[in-house]
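What follows is a single structure, written as structure tokens, with notes after it.
In structure tokens form, the structure reads like this:
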């Protein structure tokens, strides 16, 4: 569900992209709805909402509040359209160039700088911006902002924490999950197992080249925990070549060299099979593990991300999505009003005690095992009978650091991933990786402005 689990290296070429015509066709529609109207009597305005909620529970979860809106509003209707996540950014750009941009967009916040630079996203009106600042945590607001201006309502928010296998730690004589990097490293070596031929049986700490979530996501989470950042405050250079960045790369390099990590293993499958003792990942994974592991899920625990030293302030990574309004929309006021209704209006919920209320978006996200940046809603919806493994992710909303979303962020992330993998697989040293990242990422983000 989360972008970090599915994000690949998307092209930085904007309007020059040529995609199959099916991306521009109406066949991407998520549901049947009236054709585009004018708002005249008997002919309602029809807003289109383009997202990656294309199938399964995600599609159904979004459709429920949209159907509710359409049943209770005569003048303005909403029609959902969806594409797979891997096609979402290019679809935004190509539709815009073709004059077919949707009224409401649901981008991964990493892309916001690029979309703003390309003139796709409309700044939130002042009254909506104030509601967003007031109702959401700092990381969610930061992810939905570019250059200090807010561009939309945060929706899905993912924070990173430490997943661990209670049984594997217990069998190694470890009584509690690690709280510092020293404890993390010691636990990784004690729980790692190999056969007599050197094949990995159990990773003490799961590093994997499988996708961004375990390559870039966990590296940036550890970087934030060490007090570092990937991109400088002005967004025009990388900041990973720092003491904090070097500490993270040294840690990961040691874990691989000493056999506690095996980057070629698919950590998602291996953790479910009891072949990984610890791994850093985002909260979306909790629901998947609970479904796929069955009774073995009782062995899964989640703890706050360890910090370098015991007295260090906590920090971790957050990623997410937002809903914003297209600059090309002919009905921006109506689009913002729908977003206000979906994201700020409190209604009764069946997921909490009687009389409790939460926003429709928060209820939607919890129904699919995710969180929003509204901590008050999350406390309400997760108060009774919820999975205790979600609590560390909720707590992390207070100290998480948003993923950088400067104009060249997607390509910078792809370059970072490439160099991390080169480090893990022995193709580059720590020094070489840091130097290469600085050179490549600096070139990318500086030319993207």
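Numbering (our numbering), first residue to last: 1 to 449. Using N, Cα and C, we set each Cβ at its ideal position, and we do this for glycine too. Note that the structure is predicted; figures quoted are calculated from it, not measured.
Asked, Found
"Is the number of C-beta pairs between the stretch 317-333 and the stretch 140-153 that are closer than 8 Å three or more?", "yes"
"Going by beta-carbon coordinates alone, are residue 144 and residue 106 separated by less than 8 Å?", "no"
"Which one or two residues does DSSP pair with residue 151 in a beta bridge?", "None; residue 151 has no bridge partner."
"Can you tell me where the beta strand (DSSP E) holding residue 303 begins and where it ends?", "300-303"
"Rounding to the nearest angstrom, what Cα-Cα distance links residue 216 and residue 71 in this structure?", "43 Å"
"Express the C-alpha separation of residue 290 and residue 367 in angstroms, rounding to a whole number.", "14 Å"
"Measure how close the beta-carbons of residue 226 and residue 247 come, nearest whole angstrom, since I'm counting them as under 8 Å.", "5 Å"
"Would you mind stating whether residue 131 and residue 340 have Cβ atoms separated by less than 8 Å?", "yes"
"Going by alpha carbons, who is nearest to residue 313 out of 118, 405, 396, 408?", "396"
"Note down the Cα distance separating residue 276 from residue 168, rounded to an integer number of angstroms.", "8 Å"
"Is DSSP giving residue 203 helix, strand or coil here?", "strand"
"Relative to the C-alpha of residue 278, which candidate in 288, 208, 330, 346 has its C-alpha closest?", "208"
"Output the boundary residues of the alpha helix (DSSP H) element that contains residue 132.", "126-135"
"Where DSSP assigns a beta bridge to residue 437, which residues make up the other side?", "Beta-bridge pairing links residue 437 to no other residue."
"Put residue 230 into one of helix, strand or coil per three-state DSSP.", "coil"
"Taking just the CA atoms, how far does residue 243 sit from residue 335?", "45 Å"
"What's the call for residue 252, buried or exposed, on a 16-neighbour Cβ count within 10 Å?", "buried"
"If you reduce the DSSP assignment to three classes, tell me which class residue 120 lands in.", "coil"
"Where residue 453 and residue 422 are concerned, what is the direct C-alpha to C-alpha distance, given to the nearest angstrom?", "Because the chain is modelled from 1 through 449, residue 453 falls outside the range shown and cannot be assessed."
"Shortest alpha-carbon distance to residue 310 belongs to which of 160, 184, 98?", "184"
"For residue 259, collect the residues of the same chain with a Cβ closer than 7 Å to its Cβ; drop the 5 residues on either side in sequence, then sort them by chain order.", "192, 194"
"Just how far apart, CA to CA, sit residue 425 and residue 263?", "7 Å"
"Can we say the stretch 402-415 touches the stretch 112-122, given the rule of at least three CB pairs closer than 8 Å?", "yes"
"Can you give the Cα-Cα distance for residue 292 and residue 269, rounded to whole angstroms?", "10 Å"
"Here's the rule: buried if 16 or more other CB atoms are within 10 angstroms of the residue's CB, otherwise exposed. What is residue 454?", "Residue 454 lies beyond the stretch modelled for the chain, which goes from 1 to 449, so this question has no answer here."
"Determine the direct distance from the alpha carbon of residue 110 to that of residue 412, and round the result to whole angstroms.", "10 Å"
"Output needed for residue 133: all residues of its chain with C-beta closer than 8 Å, excluding positions within five of it in sequence on either side, in chain order.", "141, 150"
"Between 283, 146, 55, which has its C-alpha nearest residue 389's C-alpha?", "283"
"Can you give me the start and stop residues for the beta strand (DSSP E) that residue 82 sits inside?", "76-82"
"Residue 315 to residue 376, Cα distance in whole Å?", "20 Å"
"Where are the alpha helix (DSSP H) runs, 4 residues long or more, that stay fully inside the stretch 314-386, in chain order?", "332-343, 360-367, 375-381"
"Alpha carbons only, please: which of 108, 73, 76, 370 is nearest the one belonging to residue 90?", "108"
"What's the C-alpha gap between residue 223 and residue 402?", "12 Å"
"Where residue 416 and residue 119 are concerned, what is the direct C-alpha to C-alpha distance, given to the nearest angstrom?", "26 Å"
"Please report the distance separating the alpha-carbon of residue 373 from that of residue 160.", "14 Å"
"Just to check my reading of the structure: residue 281 and residue 218 have Cβ atoms closer than 8 Å, yes? What is that Cβ distance to the nearest angstrom?", "7 Å"
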